[in-house]
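Heads up: the structure comes next, in C-alpha cells.
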Amino acid sequence: MIRNLIPTNVGRSYRLANRTSVMRRSGLTLIELLIVIAILSLLAAISLPSIRDIIREQKTSRTASLIQAYINGARARAIGEGRSFGVVIERASTESPIGRAYSIRVSQAYVPPPYKGTGVAAVAAGGTLTVTDDLVYAAQQQILNGHVNPVIGPGDMVGIGATPRFFPITGISAGPIALSSSISVLAPHAAEIVAQFPVGTTLPFTIIRKPRRSFTAPLELPEGTAIDLVYSGIGLNGDQFSPLAIDDARGLGNRYGTTPYSPLSTTPFAGGVLDFQPVTIMFNATGGVNEVRSGAPSGATAVVVANQIPTSNIYLMLGKIGGVFPEAPFYVDKADQANLTDFESAWIVINRQTGEVALSPISAFSMGAAGNILDSNTGVEFAAASAPLQTKIQAALQLSRKEAAENRAVNQ
Numbered sequence: 051m052i053r054n055l056i057p058t059n060v061g062r063s064y065r066l067a068n069r070t071s072v073m074r075r076s077g078l079t080l081i082e083l084l085i086v087i088a089i090l091s092l093l094a095a096i097s098l099p100s101i102r103d104i105i106r107e108q109k110t111s112r113t114a115s116l117i118q119a120y121i122n123g124a125r126a127r128a129i130g131e132g133r134s135f136g137v138v139i140e141r142a143s144t145e146s147p148i149g150r151a152y153s154i155r156v157s158q159a160y161v162p163p164p165y166k167g168t169g170v171a172a173v174a175a176g177g178t179l180t181v182t183d184d185l186v187y188a189a190q191q192q193i194l195n196g197h198v199n200p201v202i203g204p205g206d207m208v209g210i211g212a213t214p215r216f217f218p219i220t221g222i223s224a225g226p227i228a229l230s231s232s233i234s235v236l237a238p239h240a241a242e243i244v245a246q247f248p249v250g251t252t253l254p255f256t257i258i259r260k261p262r263r264s265f266t267a268p269l270e271l272p273e274g275t276a277i278d279l280v281y282s283g284i285g286l287n288g289d290q291f292s293p294l295a296i297d298d299a300r301g302l303g304n305r306y307g308t309t310p311y312s313p314l315s316t317t318p319f320a321g322g323v324l325d326f327q328p329v330t331i332m333f334n335a336t337g338g339v340n341e342v343r344s345g346a347p348s349g350a351t352a353v354v355v356a357n358q359i360p361t362s363n364i365y366l367m368l369g370k371i372g373g374v375f376p377e378a379p380f381y382v383d384k385a386d387q388a389n390l391t392d393f394e395s396a397w398i399v400i401n402r403q404t405g406e407v408a409l410s411p412i413s414a415f416s417m418g419a420a421g422n423i424l425d426s427n428t429g430v431e432f433a434a435a436s437a438p439l440q441t442k443i444q445a446a447l448q449l450s451r452k453e454a455a456e457n458r459a460v461n462q
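Here is the structure:
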C-alpha cells in the first residue's frame, strides 16, 4: 500500500510546523502594539470631552424630568382629592446669602382644614379680632423667645360672618391672643363707609390656614444641581423669588444698585433673625395654579409673605450649585459661570391656568463689551449699559425665556 510507504513521523512534523506558523501569525510585535495604543489614545482624546458633555447634559435633563414628575404628582393629587395641594421649593439655607438663593429640595404641601372656634368678638375694619386663650391654646404654647411660630399665624386668612370675605393675617401677639388683619376698603371718593358689624356683635369666624408641608417624601436633587432662585419668578421677565428682589421689596436699600448684597451688619442680619420663606406653589381641584407664596423678614421679627394668584406662567431655572452667583448675576470666567449664561441650564415652566409642567432649554442672549443686553439673533438692545442691574436681569430673563414661552404646553 502506498499509504504504508509514508513514514509515520512525516505527517506529525507537518502538523507541528503548520501549528507553529499559525501561532506565530496570531501575535503582534511591540511596534504594532504601540501603534494600536496610540490610535486608541487619539480617539479617546477626541471623544471623551464630547462624552463628558453628553453625560452632563443628561444629568440636567434627568433632574428636570424628576422635578417635572414630582410637581405633576402634587397636581394630580389636587385633582384626585378635590382640594389644594402643591410643592414647596425650600431654600438651601436661611442663614447664608448664597444658600437662600438656590434650592436642592422640593417637598409637597397641602392646606389644613379651616380653623373655626366657638365664637369671637368682632370689630369694624381697622380694628383687632380678639380671641380667648383657650381657642388658640396650641398657638400660645408655640410662642417661644418672642418669635411667633403658631398653628395660626401670619399668612393665614381670616373671615368674619356667615359669608365672609377673607383678609390676610399680618401679625399675632403673645399674651392676650389677638389677630391683627389689614383690610383695604375700596369706595368712591368722599363716600361714607359704614361698619358692617356693630361693635360687640358675636359672629362666627373662619381662619383659612396657609399651606403646610405634607408627609410625602421630599425630592432631593442630584448632587451638583440646584434650582437657581436668582433667576426664577412669575412672568416672562419676573424674578420675584430672587433674594435680590425680596430684599429690595423689603426696603433695606437698593439691592440692585450700589448697596452691597446682604451685608451681615444690616437688619435683620445684625440681630441674627433670618427666616427667608420658601417658594410655595399650590394647585386647585382643576389642576390650575391658585396660589404662589414667597417672602422674607421685614424687620426684627415680622415676616412678610407675598401671597398672590399668578397672572402669568411660573419659571424655575435649573442649573448648577457652582453657577449660583446672587452677588454677580452675569458672572463668567474660565472655570465658572452664572447659570443664566450657561447653556446647560434649563427652564421648568408651570402653566398658571392648566398647571401643566414643561421643560425647555435656555435661549441665548448677548452682553456687549459695555455691559448692555442684546438679542443674539437681531442685535437689538434690550437694556442699555447704564441701566440698573434689575433692568438688565429682567431683559436677560425675557430673552432667555423666549423659547420656553413658545412651548405648546405652556401656551395651552
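According to the numbering used here, the sequence shown holds residues 51 to 462 in order.
For glycine and all other residues, C-beta sits at the position ideal for the given N, C-alpha and C.
If you're wondering where the values come from, they're calculated on a predicted model, not measured in any experiment.
{"query": "One or two residues paired with Arg262 in a DSSP bridge", "result": "Tyr160"}
{"query": "CB of Pro376 within 7 Å of CB of Ala151, strictly", "result": "yes"}
{"query": "7 Å Cβ cutoff met for Ser395 and Ala414", "result": "no"}
{"query": "Ala420 and Phe432 closer than 7 Å at C-beta", "result": "no"}
{"query": "Three-state class that DSSP yields for Tyr120 in the structure shown", "result": "helix"}
{"query": "Contacts around Ala378, its chain only, beta-carbon distance under 8 Å, and the 5 residues preceding and following it disregarded", "result": "Ala388"}
{"query": "Distance between Ile284 and Gln290 (C-alpha atoms, nearest Å)", "result": "7 Å"}
{"query": "Lys384 classed as buried or exposed, judged by whether at least 16 other C-beta atoms fall within 10 angstroms", "result": "exposed"}
{"query": "Counted within 10 angstroms of its Cβ, other Cβ atoms place Thr336 as buried (16 or more) or exposed", "result": "exposed"}
{"query": "Beta-carbon gap between Val138 and Ser157 smaller than 7 Å", "result": "yes"}
{"query": "Through-space distance from Ser410 to Trp397, alpha-carbon basis", "result": "5 Å"}
{"query": "Ordered list of alpha helix (DSSP H) runs contained in the region 376-454, each at least 4 residues", "result": "439-450"}
{"query": "Glu520, enclosing beta strand (DSSP E) - first and last residue", "result": "The chain is shown only over 51 to 462; residue 520 falls outside these bounds and no answer can be derived."}
{"query": "Beta-ladder partner(s) of Val342, from DSSP", "result": "Ile331 and Gln358"}
{"query": "Simplified DSSP assignment, three categories, for Thr113", "result": "helix"}
{"query": "C-alpha gap between Arg262 and Ala159, whole angstroms", "result": "5 Å"}
{"query": "CB of Ile154 within 7 Å of CB of Leu286, strictly", "result": "no"}
{"query": "Where Gly418 falls, given that 16 or more other Cβ within 10 Å makes a residue buried", "result": "exposed"}
{"query": "Terminal residues of the beta strand (DSSP E) in which Asn371 lies", "result": "The question names Asn, yet the displayed sequence has Ile at residue 371. No beta strand (DSSP E) contains Ile371, which DSSP labels as neither H nor E."}
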